[in-house]
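2 protein chains.
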Amino acid sequence: MNIDSVDFFYASMPSVTYDADGSQDTLLVRVRSGSDEGWGECEASPLTSIAAFVTPRSHGVCQPVADSVLGERLDSVDDIARIAALVRRNSMDLLQAPHTFSGIEIALWDLLGRRLGEPVWRLLGGRRAYPKVPYASMLFGATAQQTLDAVKSAADAGFRAVKVGWGTFGQGSVDADADQLAAAREGLGSDGFLLVDAGQIWVDDVAAAAQRLPALEAAGATWIEEPFLPLAYRAHAELAGRSGTVGVAGGEGAHSVHMATNLIDYADVRFVQIDTGRIGGIGPAKAVADYAAARDIAFVNHTFTSQLALSASLQPFAALPDHRICEFPLTPSELARKITAGRLELVDGELLPLDAPGLGLDVELEAIRPYLHDVEISIDGHALYAGEHFGGTR
Amino acid sequence: MNIDSVDFFYASMPSVTYDADGSQDTLLVRVRSGSDEGWGECEASPLTSIAAFVTPRSHGVCQPVADSVLGERLDSVDDIARIAALVRRNSMDLLQAPHTFSGIEIALWDLLGRRLGEPVWRLLGGRRAYPKVPYASMLFGATAQQTLDAVKSAADAGFRAVKVGWGTFGQGSVDADADQLAAAREGLGSDGFLLVDAGQIWVDDVAAAAQRLPALEAAGATWIEEPFLPLAYRAHAELAGRSGTVGVAGGEGAHSVHMATNLIDYADVRFVQIDTGRIGGIGPAKAVADYAAARDIAFVNHTFTSQLALSASLQPFAALPDHRICEFPLTPSELARKITAGRLELVDGELLPLDAPGLGLDVELEAIRPYLHDVEISIDGHALYAGEHFGGTR
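Chains A and B supply the protein sequences, listed in that same order.
First residue of the first sequence? That's 1 in the UniProt record's numbering, and the numbers climb one at a time after it.
First residue of the second sequence? That's 1 in the UniProt record's numbering, and the numbers climb one at a time after it.
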């Protein structure tokens with residue numbers, strides 16, 4: 001069976017704010033092959049990712065993503081890896097290509113899982129799926145008290161792990177950051193996992209990051225995430241050498257397997273966080289999970305959007321029992337909540353990857369129709385892309 | 001003075017082939033501030049880079065590039081670095097952003113140089129510009145004889161260095177590659193620099209690459225370029241440990257300073273090749289040049305397009321006398337040749353960076369008008385971009 005069509009659906013909230021909240025828009029991807037279909041989701045900047053699918057060819061290794069996907073054979077999981085290699089080669093000089101392909105690749109797994117009646121994690125070789133400890137992901141409050149209240153409400157809702165991040169953390173005084181961290185710990189209680197996300201705020205300034213280590217240790221933080229630009233390996237490794245019980249975490253922006261494994265090999269991260277919606281999909285994320293597991297590095301998903309993205313991001317490490325922590329978007333936008341009918345439910349503070357064909361969730365296109373955008377891209381009057389969704393067919 | 005407008009001009013040859021010839025299309029950028037203007041060029045996939053400029057905001061750190069540029073102050077070189085930091089922060093999750101910003105940043109330097117009456121290399125702190133030894137960059141011929149003839153004609157034209165690459169190199173037998181390399185050396189003569197570009201063909205297979213080392217050494221190759229995926233540092237370092245007199249080269253795809261310096265620190269490249277049209281412009285390329293120079297690693301430009309791109313790519317190392325080799329696009333497309341009025345001429349096999357305000361070349365918009373494309377991008381009927389060029393104004 002060949003890939004008959006790839007359709008994109010760009011949706012956003014009526015108002016998109018400056019908050020670091022990635023659930024405010026989405027680019028959903030529907031792939032059809034014969035009578036089967038599958039769905040995936042691309043992380044960030046829908047219009048740019050659509051453009052990378054339809055852009056005219058610049059030269060032999062700067063081809064649009066579409067040209068490596070439409071019409072290709074899709075009979076087995078090997079075909080997904082084969083198509084991924086085509087994209088990597090043919091779109092070598094097209095920087096956005098991995099983000100575009102991520103949603104497509106996820107949809108290919110979903111489609112194949114549905115066709116074969118298996119959850120994706122089983123197609124990846126897993127025998128059973130193990131429960132994860134989801135952490136509630138939230139932004140720091142404007143005040144320490146707001147942070148305390150928000151973390152406490154997550155703890156009250158059954159979360160044993162909470163991540164706080166962004167806001168003004170790292171930009172003001174060391175004392176103000178210490179107050180925020182203490183408040184988060186107080187809200188969480190003494191037992192829970194406290195995770196902290198610095199959002200690259202110190203660029204590559206190890207001294208600035210190290211000033212926060214005492215407060216991070218005092219608050220019993222499990223990790224400090226993205227202290228620096230993701231490719232500043234030396235800064236990461238220097239901080240990791242001084243951070244004691246606090247592990248360094250990172251990887252969400254990785255757009256290739258090597259970009260993630262280099263964080264393990266050269267940046268000394270103790271937690272590698274992978275977004276299947278960016279790295280090129282589920283296959284590359286699984287390669288990173290296996291690499292991490294072999295080196296006793298914890299694999300963690302990065303997910304700040306929908307339940308569809310959450311289910312996709314759990315597949316690579318669903319069958320790894322020792323990799324327990326997972327990110328769980330606690331307060332996604334109304335749009336993100338409406339994307340799927342079912343959802344992954346918390347049971348006793350744990351989350352079990354779904355045991356259902358594909359990703360195990362159905363996309364509710366009618367529910368999100370009010371949020372969909374008409375996109376038109378044309379060159380010299382010739383439409384490359386037009387309408388609420390794009391029927392890329394070959 | 002503020003940045004009043006940023007306009008893009010997308011042009012391509014009437015027919016764009018599958019050859020690895022990056023001069024088949026272009027995305028030119030014109031920036032205006034007060035009565036001054038400057039020009040730059042983005043490498044690869046014009047439509048995608050335009051989309052990254054105008055795309056709606058996804059969230060606080062996934063903003064369109066336009067929002068960090070339009071209306072910003074531009075009084076000194078520090079403003080260029082400040083704007084670059086804004087783009088890096090505000091477009092953190094927008095993968096294509098560095099490619100889009102590269103052309104803008106180059107135009108900012110050109111504009112500032114024209115305003116101040118100085119060549120860009122002097123604004124970068126250089127006292128004088130030193131001549132470079134340009135290498136003629138070409139693809140392997142379909143046969144060894146074709147390669148010999150093509151290299152010989154470059155040598156006859158005065159080139160003392162030639163780079164051959166792509167074609168079927170690395171994909172067929174080791175003997176066939178050896179024949180090609182011997183032919184290239186024969187065409188060049190015994191004295192010239194012979195450079196070889198593998199175009200990532202061995203992915204991360206060190207053994208496959210190492211099989212070609214004897215022939216590379218026999219042909220006296222100065223470097224083997226991009227043997228692997230650019231982030232496969234370990235593979236690079238392993239090959240570098242075995243490659244004797246043949247240095248490993250790479251870096252053209254670097255889209256941040258760290259991505260380039262990591263190649264020096266972890267991949268053991270002996271030559272770091274930077275495309276100012278991809279890495280984020282001239283400022284980041286200068287940072288890499290300084291980093292390389294301090295470590296006795298040769299900085300080399302990557303340029304396969306126009307003379308405008310060539311002039312931009314020479315600025316970061318124009319004032320470094322010991323960094324001699326530079327890439328020179330030997331047979332750019334008709335379009336690429338028409339972009340500028342003047343050009344950098346070879347004198348006794350050497351190329352001297354221009355000593356004229358800005359980049360020292362004027363863009364001939366009328367000459368390339370037949371190649372320009374009308375681009376339209378609209379969302380829900382609202383045009384984000386329309387016309388032969390885009391007047392992004394604030």
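All C-beta atoms, glycine included, are put in the ideal place defined by N, C-alpha and C.
Cut-off 8 Å between Cβ atoms - residues of its own chain near residue i, not counting five sequence neighbours on either side
| i | result |
| --- | --- |
| residue 123(B) | 77, 109, 112, 113 and 116 |
| residue 255(A) | 98, 99, 278, 279 and 280 |
| residue 125(B) | 319 |
| residue 64(A) | 52, 53, 54, 55, 56, 57, 91 and 94 |
| residue 59(B) | 93 |
Which listed residue (the options) has its alpha carbon closest to that of residue i
| i | options | result |
| --- | --- | --- |
| residue 283(A) | 79(A), 72(A), 183(A) and 226(A) | 79(A) |
| residue 276(B) | 257(B), 374(B) and 270(B) | 257(B) |
| residue 14(B) | 380(A), 259(A) and 385(A) | 380(A) |
| residue 273(A) | 195(A), 93(A), 155(A) and 84(A) | 195(A) |
| residue 270(A) | 188(A), 103(A), 189(A) and 325(A) | 325(A) |
| residue 226(B) | 239(B), 197(B) and 338(B) | 197(B) |
| residue 234(A) | 223(A), 206(A) and 247(A) | 206(A) |
| residue 203(A) | 268(A), 350(A), 211(A) and 236(A) | 236(A) |
| residue 222(A) | 246(A), 336(A) and 171(A) | 246(A) |
| residue 5(A) | 42(A), 35(A), 82(A) and 127(A) | 35(A) |
| residue 22(B) | 10(A), 26(A), 62(A) and 25(A) | 62(A) |
| residue 313(B) | 305(B), 301(B) and 362(B) | 301(B) |
As assigned by DSSP and simplified to three states, the class of residue i
| i | result |
| --- | --- |
| residue 345(A) | coil |
| residue 126(B) | coil |
| residue 59(A) | strand |
| residue 175(A) | helix |
| residue 278(B) | coil |
| residue 191(A) | coil |
| residue 202(A) | coil |
| residue 265(B) | helix |
| residue 197(B) | strand |
| residue 335(A) | helix |
| residue 113(B) | helix |
| residue 82(B) | helix |
| residue 217(A) | helix |
| residue 394(B) | Unreliable placement is indicated for residue 394(B), whose pLDDT of 45 sits below 50; no coordinate value is reported for it. |
Bridge-paired residues (DSSP) for residue i
| i | result |
| --- | --- |
| residue 379(B) | 375(A) and 382(B) |
| residue 10(B) | 27(B) |
| residue 247(A) | 223(A) |
| residue 273(A) | 300(A) |
| residue 135(A) | 161(A) and 327(A) |
| residue 257(A) | The partner list for residue 257(A) (beta bridge, DSSP) is empty, contrary to what the question assumes. |
| residue 40(B) | 29(B) |
| residue 351(B) | 132(B) and 346(B) |
| residue 73(B) | 2(B) |
| residue 340(A) | 363(A) |
| residue 119(A) | 358(A) |
Contact set for residue i: own chain, Cβ-Cβ below 7 Å, skip 5 residues either direction
| i | result |
| --- | --- |
| residue 352(B) | 129 and 131 |
| residue 260(B) | 251, 254, 272, 274, 279 and 288 |
| residue 220(B) | 185 and 194 |
| residue 37(A) | 30, 31 and 111 |
| residue 107(A) | 29, 30, 31, 38, 39 and 40 |
| residue 3(B) | 31, 33, 69, 70, 71, 72 and 74 |
| residue 386(A) | 376 |
| residue 330(B) | 136, 137, 138 and 154 |
6 Å CB neighbourhood of residue i in its chain, flanking five on each side removed
| i | result |
| --- | --- |
| residue 317(A) | 289, 299 and 323 |
| residue 364(A) | 341 |
| residue 285(B) | 274, 276, 279 and 316 |
| residue 183(A) | 144, 147 and 148 |
| residue 291(A) | 261 |
| residue 158(A) | 346 and 349 |
| residue 394(B) | Below a pLDDT of 50, predicted positions are generally treated as unreliable, and residue 394(B), at 45, falls in that range; the measurement from the model is reported next regardless. Closer than 6 Å at the Cβ level, and outside the excluded window around residue 394(B), lie 70 and 71. |
Residue i CB to nearest heavy atom of the ligand ZN below 7 Å
| i | result |
| --- | --- |
| residue 111(B) | Among the ligands in the structure shown, none appear at all, so the ligand ZN cannot be discussed. |
Give a yes or no on contact between the stretch 87-101 of chain B and the stretch 134-144 of chain A, applying the rule of three or more CB pairs nearer than 8 Å. Here the stretch 87-101 of chain B makes no contact with the stretch 134-144 of chain A; the two share fewer than three CB pairs at distances below 8 Å.
Pairs of beta-carbons, one from the stretch 179-194 of chain B and one from the stretch 358-377 of chain B, closer than 8 Å: are there three or more? Touching, no, given that fewer than three Cβ pairs across the two stretches are closer than 8 Å.
Do the stretch 356-370 of chain B and the stretch 44-62 of chain B meet, that is, are 3 or more Cβ pairs less than 8 Å apart? With the rule of 3 Cβ pairs closer than 8 Å, the stretch 356-370 of chain B does not count as touching the stretch 44-62 of chain B.
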